[in-house]
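Remarks on the structure that follows.
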Amino acid sequence: MTTDPKPSRPEPGRTLTGARKASAKSERTRAREFALQALYQHLVGRNDAASIDAFTRDLSGFHKADAAHYDALLHGAIAQAVELDALIEPLLDRKLSELSPVEHGVLWIGAYELRHCLDVPWRVVLNECIELAKEFGGTDGHKYVNGVLGGLAPQLRPQEVAADPRGSRPAPQKAQPDTDAARQ
Numbered sequence: 181m182t183t184d185p186k187p188s189r190p191e192p193g194r195t196l197t198g199a200r201k202a203s204a205k206s207e208r209t210r211a212r213e214f215a216l217q218a219l220y221q222h223l224v225g226r227n228d229a230a231s232i233d234a235f236t237r238d239l240s241g242f243h244k245a246d247a248a249h250y251d252a253l254l255h256g257a258i259a260q261a262v263e264l265d266a267l268i269e270p271l272l273d274r275k276l277s278e279l280s281p282v283e284h285g286v287l288w289i290g291a292y293e294l295r296h297c298l299d300v301p302w303r304v305v306l307n308e309c310i311e312l313a314k315e316f317g318g319t320d321g322h323k324y325v326n327g328v329l330g331g332l333a334p335q336l337r338p339q340e341v342a343a344d345p346r347g348s349r350p351a352p353q354k355a356q357p358d359t360d361a362a363r364q
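For the sequence shown, our numbering gives the first residue as 181, with consecutive numbering after it.
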């Protein structure tokens, strides 16, 4: 007779799946969630920003979100979609059109915050976007978001990333010839 292992206890403030509990979410985290839902509507339905905004503000729980941050993310990302896509696209391993709308929206939020919300530390931007992708995206979408935004952060915030005591990912190095093999 085999027994199933007991499910591990989640960290405080987290669900069994690892997502943050609603009670543990900040106003800005909620603003990002609502902005992502609105950007999803824009990407999938091509609805105009004003209609999406009105619909989103009527959703349950919106009053707990930072409305100013939501406004900046939604309207800023839509207004600067071409510029944000131009920042993101060189870091992708596929065509922009092949991204899921959730990943695309999360990347817009991350790129917008890295570029314009300088009061939000770059690591917080990455972490918040990874959490959005975990909660709303596909199975490994958060890893993809991490890779793309991790490559974008040093471009948009070079001093901040360089000054981070934990450092950033090392820059790719060109292969050097093996000195022992070159001598033979």
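All residues carry an ideal CB built from backbone N, CA and C; glycine is no exception.
Query                                                                                                                                                        : Result
Give the straight-line distance between the Cα atoms of N326 and P281, rounded to the nearest whole angstrom.                                                : 16 Å
Got a sec? Which residues, its chain only, sit under 6 Å from K314 by beta carbon, not counting five neighbours each side?                                   : H322
At the level of alpha carbons, what is the spacing between A259 and A218?                                                                                    : 14 Å
I need the DSSP call for L279, collapsed to helix, strand or coil.                                                                                           : coil
In the structure shown, what three-state DSSP assignment does R237 receive?                                                                                  : helix
In the segment 301 to 349, which residue ranges form an unbroken alpha helix (DSSP H) of at least 4 residues, counting only runs that do not cross its ends? : 302 to 316, 321 to 336 and 338 to 343
Please report the straight-line C-alpha distance between P345 and R303, rounded to a whole angstrom.                                                         : 12 Å
How is R226 classed by DSSP in three states: helix, strand or coil?                                                                                          : coil
Just to confirm, are I268 and L276 a CB contact at a threshold of 9 Å?                                                                                       : yes
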